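Student: Structure below; questions to follow.
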Amino acid sequence: MQASAMRESAPRYLSDDMRRGQLTLTLGALMLCLFLSALDASIVANALPRVIADLHGFELYAWVTTGYLLSSTAVTPIGGKLGDRYGRKPMLIGGAAFFLLMTLLCGLAQTMPQLIALRALQGIGGGVVAATVFAIMGQLLAPADRARISGLITAVFSLAGVIGPIVGGYLTDAFSWRAVFYVNVPFALLALVVLWRFFPPVHYSRRRLPIDFAGAITSVAGIVLLLLALSWGGREYAWDSPIVVGLLGVGIAVLGLFLWLEARVPDPILPLSLFRNGVVAISSTNSLAQSMSQICLALFVPLYAQGVMGTSATLSGTFMLPLLVAMVLSNLAAGVLIAHVGRYKQFAIVGFFMTLCGFLILSRLDAGSAYLLLAASLAVLGTGTGMIFPTLTLSYQSAVEFHELGVATSLNQFCRQIGSTLGSALLGTLLILRFLPSVDAALPPDLAAWLDGPAGASIRDPQSLLDPSAAESLRVAVGAAFPQAPDAADTVLAAIRVGLSGALHWVFLAGASVALMGLVGSLVWREIPMRGSRTLRPQEDRQ
Numbered sequence: 224m225q226a227s228a229m230r231e232s233a234p235r236y237l238s239d240d241m242r243r244g245q246l247t248l249t250l251g252a253l254m255l256c257l258f259l260s261a262l263d264a265s266i267v268a269n270a271l272p273r274v275i276a277d278l279h280g281f282e283l284y285a286w287v288t289t290g291y292l293l294s295s296t297a298v299t300p301i302g303g304k305l306g307d308r309y310g311r312k313p314m315l316i317g318g319a320a321f322f323l324l325m326t327l328l329c330g331l332a333q334t335m336p337q338l339i340a341l342r343a344l345q346g347i348g349g350g351v352v353a354a355t356v357f358a359i360m361g362q363l364l365a366p367a368d369r370a371r372i373s374g375l376i377t378a379v380f381s382l383a384g385v386i387g388p389i390v391g392g393y394l395t396d397a398f399s400w401r402a403v404f405y406v407n408v409p410f411a412l413l414a415l416v417v418l419w420r421f422f423p424p425v426h427y428s429r430r431r432l433p434i435d436f437a438g439a440i441t442s443v444a445g446i447v448l449l450l451l452a453l454s455w456g457g458r459e460y461a462w463d464s465p466i467v468v469g470l471l472g473v474g475i476a477v478l479g480l481f482l483w484l485e486a487r488v489p490d491p492i493l494p495l496s497l498f499r500n501g502v503v504a505i506s507s508t509n510s511l512a513q514s515m516s517q518i519c520l521a522l523f524v525p526l527y528a529q530g531v532m533g534t535s536a537t538l539s540g541t542f543m544l545p546l547l548v549a550m551v552l553s554n555l556a557a558g559v560l561i562a563h564v565g566r567y568k569q570f571a572i573v574g575f576f577m578t579l580c581g582f583l584i585l586s587r588l589d590a591g592s593a594y595l596l597l598a599a600s601l602a603v604l605g606t607g608t609g610m611i612f613p614t615l616t617l618s619y620q621s622a623v624e625f626h627e628l629g630v631a632t633s634l635n636q637f638c639r640q641i642g643s644t645l646g647s648a649l650l651g652t653l654l655i656l657r658f659l660p661s662v663d664a665a666l667p668p669d670l671a672a673w674l675d676g677p678a679g680a681s682i683r684d685p686q687s688l689l690d691p692s693a694a695e696s697l698r699v700a701v702g703a704a705f706p707q708a709p710d711a712a713d714t715v716l717a718a719i720r721v722g723l724s725g726a727l728h729w730v731f732l733a734g735a736s737v738a739l740m741g742l743v744g745s746l747v748w749r750e751i752p753m754r755g756s757r758t759l760r761p762q763e764d765r766q
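When you read off a place in the sequence shown, starting at 1, and then add 223, the result is the number in our numbering.
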C-alpha cells in the first residue's frame, strides 16, 4: 500500500502521456528554437561590418547587438512567470512567432536606427522563447531524462556558435547581409508548425503570480540612460554639457530606484540578499567579466578581420573557428576534470589568465599581422573562456543552500546578460571615441583638417574599407579636394585602416582589463567544494 501511495503521489510529466514520435518531434522543435536563438547572435555578428557599409552609421555599430541584449535581458526573467500565468504553449508559440516576424523585418531595414529598433523588438521574442523553453523542459521530462537531454542542449549551443560565423560570412558574401536574417525564417516556421500540432496543451495556474515588471523597466531604463550619456559624451556633446550630465544623473537615479525596488518586491529580478554572501558577490563579478570578454570577441574580431586585414566575410567567419572549437573542447575538458577533482577555482584562474594573455596578443596585431597569429591568439582566448564557463555555475550553486539553487542560477544568468549588454555598448563607445583621433594621427595636417570638416563628414568611417562603392566615393571626394596630390586618396584609405586598427587596439586592451578583473576575483575567491564531494565542508561555510 505504501508503494502504491508513493506511485500515486509521484509527479507526472507531459512525456508520460506522449507517444514516442510526438515526444521526439516536440523535443526537436524545442531544440530548433534554442538553436535559432543562439544562431542569431553568432550569425549576425559576422555580418555587422557589411551592415554599416550598407546602412552607414558606424557610430551605432554596437547598438545592433546592445538593443537585442537589453530587451532580452529585461524579458527573460519574467518570461517563465508569464508562462505560469497564461500557459507555456501560447507563450512559446507567441514568442516564437513574434521573433520570426521581427527577424523578417530586420532583413528589410533601410536605416541603422530602424535595424536597432527591430533588433530590440526581436530580443523580446528571443527572451520569451529562451525562458519558456527551459521552463517547458521541467514540465516535459523527468529529472533523469532532463539530465540526459542537457548534453544535447550544450551541443545545440556549441553547433550554433561554430557554424554561425561561417554561414553568416558565406551568406553575406554570396547574397547580402540581409540573408542572415532571412535564413532563419523557414526553420522558425517549421518549429512553429510542429509545436502547434504536437505540443500538448498544458494545465497552468491562473493565480496572479508576482512579476517584477517595475524591476525590468527600471533596470533597462537606467542602463539605457547611462549608455546614451557615455555614447554621446565627448562626441555629440561635451562631457560637461547639460544633456550628458542630465542623462548620467537621471540614469544613476533610476538605477538607484531599481535597487530600492528590488529590496522590497517579493520575487525580484536581482535578489540583493544573495550579495551578502561573499562567494556569490565575487562569482557575479566573474560572470560580468566573462560575458564582457566574450561579447568583445564576438563583435570586434569580425570587424578587425574584415576592416583591418581586408578579408571577406566568409574568411572572417573561418577565423572564428579556432576560438569556437577551442572554447567547446576546453569547456568539455574542464567539466570532466572539475567533476573528477571536485574543485573549480584553479580552472577559473587559469582560464582568466589565458583570456588576459589572448587579449594582449590580439591588441598587438595590425594590418600586416599574419593570419596564423590571429588564429593562435583566438585559440588561446577560446581555451581560456571555455575553462571559465563551468566554474561560474558551480561557484553559485556551491555557495548557497539547496532551496536557493534556482535563484542563484538565475542571478548568474542575469549577470551574464548585463555583462554582455554593458560590454557591447561600452566597448562600442570606446571604439568610436578612439577611431577619429587615431585616423588624424596617421594623416598629414591638411588632410586631417579636411577629413574632420564638413566635406569629410560622409566618408570618415570604416565603410570605405568594407564597401568598394564607398571606397570609390572617397577617392572621388579626395581627388576633387586635392587635385594636386594624386595619392591623397590612398593616404586617407591607409589612415582609416590604421585608425580602425588603433581603435580596436584600445578595445582589446579593455577586454584584457576585464579579464584581469576576473583573474583578481578568482584569486581571492573562497572556494567551497561542490555538493557530493567527499570534502564538503559544514553548512556554515556557505555563509
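Beta carbons: idealized from backbone N, C-alpha and C, even for Gly. Quick caveat, the model's predicted, so the values are computed rather than measured.
Quick check on glycine 223: does DSSP put it in helix, strand or coil?
Tutor: Because the chain spans 224 through 766 in this model, residue 223 falls outside it and cannot be assessed.
Student: Could you check what DSSP says for glutamate 750 in three-state terms: helix, strand or coil?
Tutor: Walking along the sequence shown from the start, residue 750 turns up at place 527. If DSSP states are grouped into helix, strand and coil, glutamate 750 belongs with coil.
Student: Identify whether glycine 456 lies in helix, strand or coil by the three-state DSSP scheme.
Tutor: Looking up residue 456 in the sequence shown gives position 233. Note: glycine 456 maps to strand in three-state DSSP.
Student: When we look at the beta-carbon of proline 624 and count the other beta-carbons within 10 Å, is it buried (16 or more) or exposed?
Tutor: Here the question's residue 624 lines up with position 401 in the sequence shown. The question names proline, but residue 624 in the sequence shown is glutamate. It counts as exposed.
Student: On the three-state DSSP scale, how would you describe alanine 354?
Tutor: Along the sequence shown, read from residue 1 onward, the residue named residue 354 stands at position 131. Helix at alanine 354.
Student: What residue from Gln337, Ala340, Leu327 and Gly317 has the CA that sits closest to valine 352's CA?
Tutor: Numbered from its first residue, the sequence shown carries residue 352 at position 129. Answer by Cα proximity: Gly317.
Student: Sort Leu497, Phe705, Leu415 and Tyr619 by Cα distance to asparagine 509 and report the nearest one.
Tutor: Position 286 of the sequence shown, counted from the first residue, corresponds to residue 509. Minimum Cα distance to asparagine 509 is reached at Tyr619.
Student: Below 8 Å, can you find three or more Cβ-Cβ pairs linking the stretch 734-746 to the stretch 652-664?
Tutor: Flag = no, the stretch 734-746 and the stretch 652-664 do not touch.
Student: Threshold first: 4 residues or longer. Then list the alpha helix (DSSP H) segments lying entirely within the stretch 657-729, N to C.
Tutor: The stretch 657-729 contains these whole alpha helix (DSSP H) runs: 668-675, 686-689 and 691-704.
Student: When DSSP labels each residue in this structure, what does serine 592 get in the three-state scheme?
Tutor: By one-based count along the sequence shown, residue 592 stands at place 369. Serine 592 falls in the coil class under three-state DSSP.
Student: Out of Ser454, Thr441 and Arg487, state which residue places its alpha-carbon closest to the alpha-carbon of valine 473.
Tutor: Here residue 473 corresponds to residue number 250 of the sequence shown, with the count starting at 1. Of the candidates Ser454, Thr441 and Arg487, the one whose C-alpha sits nearest the C-alpha of valine 473 is Thr441.
Student: What are the boundary residues of the alpha helix (DSSP H) that includes arginine 311?
Tutor: Taking the first residue of the sequence shown as 1, we reach residue 311 at position 88. Counting along the chain, the alpha helix (DSSP H) containing arginine 311 begins and ends at 311-329.
Student: Which residues mark the beginning and the end of the alpha helix (DSSP H) in which alanine 571 is found?
Tutor: Locating residue 571 in the sequence shown gives position 348, counting from the first residue. That run of the alpha helix (DSSP H) goes 568-586.
Student: Leucine 511 to threonine 608, Cα distance in whole Å?
Tutor: Translated into positions along the sequence shown, residue 511 becomes position 288. Translated into positions along the sequence shown, residue 608 becomes position 385. Between leucine 511 and threonine 608, the C-alpha separation is close to 13 Å.
Student: To the nearest angstrom, report how far apart alanine 268 and threonine 652 are at their CA atoms.
Tutor: In the sequence shown, counting from the first residue as 1, residue 268 sits at position 45. In the sequence shown, counting from the first residue as 1, residue 652 sits at position 429. So the two alpha carbons sit approximately 17 Å from each other.
Student: If you count every other CB in all the chains shown that lies within 10 Å of the CB of alanine 483, and 16 or more means buried, which is it?
Tutor: Within the sequence shown, the letter at position 260 stands for residue 483. The amino acid at residue 483 is misidentified as alanine; the sequence shows tryptophan. With fewer than 16 Cβ atoms within 10 Å of its Cβ, tryptophan 483 is classed as exposed.
Student: Could you compute how far the alpha carbon of arginine 657 sits from the alpha carbon of leucine 520?
Tutor: As a first step, residue 657 must be located in the sequence shown, where it is residue number 434. As a first step, residue 520 must be located in the sequence shown, where it is residue number 297. So the alpha carbons of these two residues sit roughly 18 Å apart.
Student: Could you tell me the distance, in whole angstroms, from the CA atom of glutamine 517 to the CA atom of glycine 581?
Tutor: Within the sequence shown, numbered from 1, the residue matching residue 517 stands at position 294. Within the sequence shown, numbered from 1, the residue matching residue 581 stands at position 358. Taking the straight line joining both Cα atoms gives about 12 Å.
Student: Under DSSP, the alpha helix (DSSP H) around glutamate 485 begins and ends at which residues?
Tutor: Against the sequence shown, residue 485 aligns to sequence position 262. Residues 465-485.
Student: Would the stretch 486-493 and the stretch 434-448 be scored as touching if the rule is three or more Cβ pairs under 8 Å?
Tutor: Taking 8 Å as the limit for Cβ pairs, the verdict is that the stretch 434-448 does touch the stretch 486-493.
Student: Among Thr606, Phe398, Ser692 and His279, whose alpha-carbon lies nearest the alpha-carbon of leucine 547?
Tutor: Here residue 547 corresponds to residue number 324 of the sequence shown, with the count starting at 1. Per the Cα distances, Thr606.
Student: Reducing DSSP to helix, strand and coil, say where threonine 758 ends up.
Tutor: Working through the sequence shown from its first residue, we reach residue 758 at position 535. Since pLDDT at threonine 758 reaches only 41, below the 50 mark, its modelled position is unreliable, and no value is offered.
Student: Decide if proline 709 is buried, meaning its Cβ has at least 16 other Cβ atoms within 10 Å, or exposed.
Tutor: Counting from 1 along the sequence shown, the entry for residue 709 is found at position 486. Exposed is the call here.
Student: Using the C-alpha atoms, what's the distance from glycine 501 back to tryptophan 748?
Tutor: By 1-based counting over the sequence shown, the position of residue 748 is 525. By 1-based counting over the sequence shown, the position of residue 501 is 278. Going by the C-alpha atoms only, they are around 8 Å apart.
Student: Out of Ser464, Ala504, Val443 and Ala452, which one is the CA nearest neighbour of valine 477?
Tutor: Reading the sequence shown from its first residue, position 254 is the one you call residue 477. Selected option, being the one with the closest Cα: Val443.
Student: Taking asparagine 407 as the reference, which of Gly391, Phe422 and Ile275 has the closest Cα?
Tutor: Counting from one through the sequence shown, the residue named residue 407 turns up at place 184. Measuring from the Cα of asparagine 407, the nearest candidate turns out to be Gly391.
Student: Quick one: grab the DSSP three-state call for alanine 648.
Tutor: Along the sequence shown, one-based indexing puts residue 648 at 425. In this structure, alanine 648 counts as helix in the three-state DSSP scheme.
Student: Do threonine 249 and leucine 415 count as a contact pair if the criterion is CB distance below 9 Å?
Tutor: Translated into positions along the sequence shown, residue 415 becomes position 192. Translated into positions along the sequence shown, residue 249 becomes position 26. For leucine 415 and threonine 249, no; Cβs fall outside 9 Å.
Student: Figure out for me which residue from Met360, Leu271 and Val385 has the closest Cα to the Cα of glycine 330.
Tutor: As a first step, residue 330 must be located in the sequence shown, where it is residue number 107. The shortest C-alpha separation from glycine 330 is found at Leu271.
Student: Output the distance between the C-alpha atoms of tyrosine 284 and serine 265, rounded to the nearest integer angstrom.
Tutor: What you label residue 284 is simply residue 61 of the sequence shown in a count that begins at 1. What you label residue 265 is simply residue 42 of the sequence shown in a count that begins at 1. Cα-Cα distance, rounded: 15 Å.
Student: Distance, Cα to Cα, serine 756 vs phenylalanine 542?
Tutor: As a first step, residue 756 must be located in the sequence shown, where it is residue number 533. As a first step, residue 542 must be located in the sequence shown, where it is residue number 319. Its pLDDT being 46, under 50, serine 756 is placed unreliably by the model, and the measurement read from it follows with that caveat. Spanning the two alpha carbons is a distance of roughly 40 Å.
Student: Near serine 294, which residues of its chain fall below 6 Å by C-beta distance, leaving aside the five closest residues on each side in sequence?
Tutor: Residue 294 sits at position 71 when you count from the first residue of the sequence shown. If we look at serine 294 and ignore the five residues flanking it on each side, its Cβ neighbours are Ala343, Gly346 and Ile347.
Student: Quick one: any contact between the stretch 591-600 and the stretch 560-576, if contact means 3 or more CB pairs under 8 Å?
Tutor: No, they do not touch.
Student: Going straight from the alpha carbon of asparagine 635 to that of threonine 296, what length do you get?
Tutor: In the sequence shown, residue 635 corresponds to position 412, counting from 1. In the sequence shown, residue 296 corresponds to position 73, counting from 1. Computed Cα separation, rounded: 12 Å.
Student: Go through its chain and collect everything with a Cβ distance to leucine 305's Cβ below 6 Å, but skip five positions before and after it.
Tutor: On the sequence shown, residue 305 is found 82 positions in, with the first residue counted as 1. Within the same chain, leucine 305 has close Cβ partners Met314.
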